[in-house]
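S.K.: Residues -23 to -1, 1 to 117 (mature numbering (1 follows the signal peptide of the UniProt record, and there is no 0)) make up the sequence shown, in order.
The beta carbon of each residue, even a glycine, is placed where N, CA and C say it ideally should be.
Remember, predicted model here, so these are calculated numbers, not experimental data.
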Amino acid sequence: MTIIIKQMLAVAALSAMVSFAQADTLYDDLGGQQGVANIVDDYITEISFDKNIYPFFKNTDIERLRTKLQEQFCMVSNGPCEYTGDTMEAVHAGMQIDKSQFNRVVELLQNAMTSQGVSYADQNRLIQRLAPMRPAIIHR
Ligand code: HEM
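Laid out in structure tokens, this is it:
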């Protein structure tokens, strides 16, 4: 084998290793730490402008909510975070949330992601990972 071909093979093997090590997570596709923070900020703004949803949050510590949502979205998208908030059941059980309120909150999150330029495919990936929490949140 000529030295040139050997070098080409070495470069190909190296670049394969690099692309494996950098395999994209949903977290990366959402824009990493800054992207997730921007989505959460927009989501909280969407909530605060929705006359049917905002009342649920009127006594909420918004800075805590912001931090916990950032942690949760980061964790479910395989980012380098741990969720340190309460369980979805403990947080939402007493709120008597119904299906249409749940769907509206999902829509507000989609609006936030659209404003932040997240593709529909990536929006669906995040929603799919949150969807299993639905039974812990709807109690009506
Ligand atoms: C996929 C759907 C949802 C997810 C993933 C989610 C996630 C969360 C998270 C992570 C927190 C922070 C928990 C903590 O402070 O430890 C939270 C709090 C809260 N959520 Fe949700 N939530 C969802 C749907 C909803 C819906 C549909 C409503 C109401 C219509 C709602 C109302 C609230 C309220 C009011 C709080 C603040 C509780 C407080 O003040 O202590 N959530 N949620």
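1. Considering just the uninterrupted stretch of the alpha helix (DSSP H) at V95, what are its terminal residues?
2. Just to confirm the assignment, what range does the alpha helix (DSSP H) spanning T22 have?
3. List the endpoints of the continuous alpha helix (DSSP H) containing P112.
4. From the DSSP output, in three-state form, read off C58 for me.
5. With DSSP as the reference, label T37 as helix, strand or coil.
6. If you check the beta carbons only, do F50 and V13 fall under 8 Å apart?
7. My assumption, with CB atoms under 8 Å, is that I21 sits in contact with L3. Please give the rounded CB distance.
8. Going by DSSP in three states, D75 sits in which element: helix, strand or coil?
M.R.: Considering the structure as presented:
1. Along the sequence shown, read from residue 1 onward, the residue named residue 95 stands at position 118. No alpha helix (DSSP H) holds V95; DSSP gives it neither H nor E.
2. In the sequence shown, the residue the question calls residue 22 occupies position 45. Where T22 is concerned, the enclosing alpha helix (DSSP H) stretches over G9 to S25.
3. Residue 112 sits at position 135 when you count from the first residue of the sequence shown. Counting along the chain, the alpha helix (DSSP H) containing P112 begins and ends at R111 to I114.
4. Mapped onto the sequence shown, residue 58 falls at position 81. C58: coil per DSSP, three-state reduction.
5. Walking along the sequence shown from the start, residue 37 turns up at place 60. Coil.
6. Within the sequence shown, the letter at position 73 stands for residue 50. Within the sequence shown, the letter at position 36 stands for residue 13. Yes. Within cutoff.
7. To locate residue 21, count along the sequence shown from 1; it is residue 44. To locate residue 3, count along the sequence shown from 1; it is residue 26. About 21 Å separates the two Cβ atoms, so there is no contact after all.
8. Numbered from 1 along the sequence shown, position 98 holds the residue referred to as residue 75. Note: D75 maps to coil in three-state DSSP.
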